[in-house]
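*Asks:* Sharing a structure here in structure tokens format.
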């Protein structure tokens, strides 16, 4: 409802200014070009980095200082705190980093956004950057049409940089031309009333342009052309923080639980910064005046940039001591009331922003699918907890099957299988070339898990009639099939649940289990051959039993192979492959 009323109203106001003032066209065009530049910069760094940003965030966020430093450096280079936020949300969704690490990166990102103000005040307003913008855009277009992803990304970065320079140039020229017709400085106010009015203006402006960087660029340009007073510009910056909280909260409404938690943390950070700026408004200004006198700084634009830096830094310093308690509180928020395990838990729209998060999410979804396959096998073959934890008196008791539950398992696993494959098909365009093999591998595992469910159903159809046989030797051999599954499932569950095992231990235990399977196969073959020689079973039944046992061994081998891929680290698997090749 708000959007339906607000956007037409904004459009009418925009149209009035464009038609009434020639200079307003230049300012609005400058804002538009600046925002287009930000978009190209974000998109360019996604393509050009080739997952580098994701790797940095994954490897160097294991402590708060590292997380804050990386958030600062990435945002300073990329010039987009929103890109950093998008990557963080996708990483949280895939459980690639903790919530505390993500919020720490967010703190660094907030501080890194101050570099935008420094770039504009030191270069954008002092140099005729429109002269540099055109060649940069020309080179950007050249690289933009390359088929190579990194060159295309580099082209987008150049286009973004060129458009940002051009946008700033238009805004500065527009404000200077506007001053000749309309002097906005006459509408400036002193004292707390002025701070209140311009805080609202700053909040509204940031909410409309949906970019704190664009908002700061407008304020700096207006201050440079003396269209607003220094104090009012500071108030507008504070208001911009409040406006960005509204942007963050609205943007999080369509996000998942982790996205909402991160957005709420950003809301708290922005609110703390705004309150700090309002409460310590005059002490900060006095400090800046002292520093300006000491370092002989006369430019009010530089003074405002110093304020932006102190403003952001203070909020980060305030947040650091309360971060652990804040994380504990936020973790308890935005918990879904109903969560069906057949829906994707680790893959969502945010995951599409990063190949790395797609890979991790896909692996985790396959683990969910695999665990539920084990549950389905246990149900299908009537293997209960007593069997798994080895109670001899229960192992030969045949239990009634609930075919409704059996159908439910099948439907749920099928739904999850279909959703994973559908997601991968949608994600194809977003996947880096280097990650195709790994993603295709996990896609193959998804299909293999579902095939195993069908195999188990077919095996169970073969087993059921023989369990009712009057021939005790045949019944005994078919119970042996069940025992094979009991041993395999028990061992795999022990390996996966034991956190003390490293990859070497896991592989050793898995290889031991594979050797057991071979011995089971040999044992069953010799046993069936012996029963046939003793004429306890006929040729037809002996062939049937051997076939079903071999089929069971093959299913168990597939279960183990999938287990290795999902539960043993990739680097160790590569090492194992290298050793095998040598």
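Numbering (the working numbering), first residue to last: 11 to 592. Each residue gets a CB set at the ideal place from its N, CA and C atoms; glycine is no exception. Given the structure is predicted, the values throughout are model-derived calculations rather than measurements.
With respect to the alpha helix (DSSP H) encompassing residue 558, which residues constitute its N-terminal and C-terminal limits?
*Replies:* From DSSP, the alpha helix (DSSP H) with residue 558 extends over 549 to 577.
*Asks:* For residue 310, count neighbouring C-beta atoms within 10 Å of its own C-beta (all shown protein chains included) and say buried if the count is 16 or more, exposed if not.
*Replies:* Classification of residue 310: buried, given that the 10 Å Cβ count is 16 or more.
*Asks:* Quick one, are the C-beta atoms of residue 541 and residue 483 less than 9 Å apart?
*Replies:* Yes, the Cβ-Cβ distance between residue 541 and residue 483 is below 9 Å.
*Asks:* Determine whether the beta carbon atoms of residue 115 and residue 98 lie at a separation below 9 Å.
*Replies:* Yes.
*Asks:* Which term fits residue 376, buried or exposed, when burial requires 16 or more other beta carbons within 10 angstroms of its beta carbon?
*Replies:* It is buried - the Cβ of residue 376 has at least 16 other Cβ atoms within 10 Å.
*Asks:* Please identify the residue among 365, 530, 204 whose C-alpha is closest to the C-alpha of residue 450.
*Replies:* Residue 365 is the option with its Cα nearest to residue 450.
*Asks:* Do you know offhand how far residue 388's Cα is from residue 370's?
*Replies:* Near 27 Å, if we compare the C-alpha coordinates of residue 370 and residue 388.
*Asks:* To the nearest angstrom, report how far apart residue 37 and residue 246 are at their CA atoms.
*Replies:* Whole-angstrom Cα-Cα distance: 17 Å.
*Asks:* Work out the CA separation of residue 124 and residue 432 for me, nearest whole Å.
*Replies:* Going by the C-alpha atoms only, they are around 41 Å apart.
*Asks:* Between the Cα of residue 284 and the Cα atoms of 324, 313, 315, which residue gives the shortest distance?
*Replies:* If we check each option's Cα against that of residue 284, 324 comes out closest.
*Asks:* Would you decide whether residue 254 is buried or exposed? Buried here means 16 or more other CB atoms lie within 10 Å of its CB.
*Replies:* Per the 10 Å Cβ criterion, buried.
*Asks:* Could you give the DSSP three-state label for residue 226: helix, strand or coil?
*Replies:* Residue 226 falls in the helix class under three-state DSSP.
*Asks:* Spatial neighbours of residue 256 within its chain, please: C-beta separation below 7 Å, excluding the five flanking residues on both sides.
*Replies:* Only 217 meet the Cβ criterion.
*Asks:* With distances taken Cα to Cα, identify the nearest neighbour of residue 130 among 313, 102, 242, 207.
*Replies:* Ranking the options by Cα distance to residue 130, first place goes to 313.
*Asks:* Output needed for residue 555: all residues of its chain with C-beta closer than 6 Å, excluding positions within five of it in sequence on either side, in chain order.
*Replies:* Answer for residue 555: 487, 538, listed in chain order.
*Asks:* To the nearest angstrom, how far is it from the Cα of residue 230 to the Cα of residue 381?
*Replies:* Those two C-alpha atoms are separated by around 57 Å.
*Asks:* Output the boundary residues of the alpha helix (DSSP H) element that contains residue 73.
*Replies:* Note, residue 73: premise wrong, no alpha helix (DSSP H); not H, not E.
*Asks:* Once DSSP output is grouped into helix, strand and coil, what is the label at residue 181?
*Replies:* Helix at residue 181.
*Asks:* Compute the Euclidean distance between the alpha carbons of residue 576 and residue 383, then round it to the nearest angstrom.
*Replies:* Going by the C-alpha atoms only, they are around 14 Å apart.
*Asks:* Taking contact to mean 3 or more Cβ pairs, one atom from each stretch, closer than 8 Å, check whether the segment 543 to 559 and the segment 457 to 465 are in contact.
*Replies:* Short answer: they don't touch.
*Asks:* For residue 320, which residues in the same chain have their Cβ closer than 8 Å to its Cβ, ignoring the five residues on either side in sequence?
*Replies:* Contacts found: 294, 297, 298.
*Asks:* Under 7 Å Cβ to Cβ from residue 121, same chain only, skipping five residues before and after it: list those, please.
*Replies:* Contacts found: 82, 322, 323, 326.
*Asks:* Quick check on DSSP: helix, strand or coil for residue 343?
*Replies:* DSSP places residue 343 in coil when its eight states are reduced to three.
*Asks:* Can you round the beta-carbon distance between residue 10 and residue 178 to whole angstroms, since I take them to be within the 8 Å contact cut?
*Replies:* Since the first residue of the chain shown is 11 and the last is 592, residue 10 is not available in this structure.
*Asks:* Is there contact between the segment 330 to 341 and the segment 422 to 432, where contact requires at least three CB pairs shorter than 8 Å?
*Replies:* Result no; under three Cβ-Cβ pairs closer than 8 Å.
*Asks:* Taking 9 Å as the cut-off, decide whether the C-beta atoms of residue 212 and residue 252 are in contact.
*Replies:* It is a contact, given that the beta carbons lie within the stated cut-off.
*Asks:* Roughly how many angstroms separate the alpha carbons of residue 485 and residue 561, rounded to a whole number?
*Replies:* Each residue's alpha carbon lies about 17 Å from the other.
*Asks:* Please determine if the segment 511 to 530 and the segment 541 to 552 are in contact, where contact requires at least 3 C-beta pairs separated by less than 8 Å.
*Replies:* Touching, no, given that fewer than three Cβ pairs across the two stretches are closer than 8 Å.
*Asks:* So residue 155 is in the alpha helix (DSSP H); what residue range does that whole segment cover?
*Replies:* Per DSSP, residue 155 belongs to no alpha helix (DSSP H) and is neither H nor E.
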